[in-house]
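When the count follows the numbering used here, it moves up by one through the sequence shown with no breaks and lands on 1197 for the last residue.
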Amino acid sequence: MKKHLLTLKVALVLMAAPLSFMASADDHVEMDTESFSTEAYCLLQKEGVDPRYLKVYAEKLGAKPTRKICRAFEEFAEEVTPKDWDYPQGRPYPGSVIRLTQSQIDKIKAARNEN
């Protein structure tokens, strides 16, 4: 259940990201817009989210993404995900652009082993 909640949170962040540039701190417009993406659907499907949720999500998209589309997205995501770092659940943090040096990674791993 915890895994599915994390996946849902990641999907919600991915869906909301395109909207973040539209409103600044000075804007007092309430955003009541939902955004759905094929990529988020494929991530949810891969994580084994309840089929009923996926069915509703596909209806919001207008069509259910094919296996071929999801497979292509997964292959692309696999290609761009760095292999040299053990991200939680194999995924980088959403929005992360910080690259750690190997010595920083070694220090973090050593600190984990001390505890």
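Even for Gly, the Cβ is constructed at its ideal location relative to N, Cα and C.
| said: Suppose contacts are defined by Cβ-Cβ distances below 7 Å. Is K1136 in contact with F1118 by that definition? | reply: The question names Lys, but residue 1136 is Leu in the sequence shown. The answer is no: Cβ separation not under 7 Å.
| message | Rounded to whole angstroms, what is the Cα-Cα separation between Q1186 and K1165? | response | Taking the straight line from one Cα to the other gives about 16 Å.
| field | As assigned by DSSP and simplified to three states, the class of K1142 | value | helix
| task | Please classify A1122: is it buried, with 16 or more other beta-carbons within 10 angstroms of its beta-carbon, or exposed? | result | Looking at its Cβ environment, which holds 16 or more other Cβ atoms inside 10 Å, A1122 is buried.
| query | Does the Cβ of L1125 have 16 or more other Cβ atoms within 10 Å, making it buried, or fewer, making it exposed? | reply | buried
| query | What residue from A1145, C1152 and E1141 has the CA that sits closest to E1129's CA? | reply | Of the listed residues, the one whose Cα sits closest to E1129 is C1152.
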